[in-house]
Amino acid sequence: KGAEIIVECTGFYTSAEKSQAHLDAGAKKVLISAPAGEMKTIVYNVNDDTIDGNDTIVSVASCTTNCLAPMAKALHDSFGIEVGTMTTIHAYTGTQSLVDGP
17 KGAEIIVECT
27 GFYTSAEKSQ
37 AHLDAGAKKV
47 LISAPAGEMK
57 TIVYNVNDDT
67 IDGNDTIVSV
77 ASCTTNCLAP
87 MAKALHDSFG
97 IEVGTMTTIH
107 AYTGTQSLVD
117 GP
């Protein structure tokens, strides 16, 4: 008997195809903590009302999206947004090489 819900945060299983391994191992649902283009992306208090219980693998977007989207939704719902830009400064990740690194 496997885990019921997998919160996938390794950065490796970022597609439905790869995350299927969790379901094959017995999990009932997989939440991917990164953008994963070909599946439903859920941001709490923005579009979580679209979850109907039938999705087995969903993306819960990126850290940047989870910070920006609720604020942008509140502003849009109250005042309307016609155009917007944002800038984010992010630490390097394990998939990037530092300029002075090996």
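Add 16 to a position in the sequence shown, counting from 1, and you land on the number used in this note's numbering.
For every residue, glycine included, the Cβ atom is placed at its ideal position computed from N, Cα and C.
Given the structure is predicted, the values throughout are model-derived calculations rather than measurements.
Just checking my contact of residue i with residue j at CB under 8 Å: how many whole Å lie between their CB atoms?
i, j, result
"Ile-73", "Ala-32", "5 Å"
"Ile-48", "Tyr-60", "About 15 Å; that fails the 8 Å criterion."
"Ser-78", "Ala-50", "6 Å"
Mapping DSSP to helix, strand and coil, what is residue i?
i, result
"Ser-35", "helix"
"Ser-78", "coil"
"Lys-45", "strand"
"Thr-66", "helix"
Are residue i and residue j closer than 8 Å when you measure CB to CB?
i, j, result
"Val-46", "Lys-89", "no"
"Ala-43", "Ala-19", "yes"
"Ser-75", "Thr-104", "no"
message: Pairs of beta-carbons, one from the segment 60–71 and one from the segment 20–39, closer than 8 Å: are there three or more?
response: At 8 Å Cβ cutoff, the stretches do not touch.
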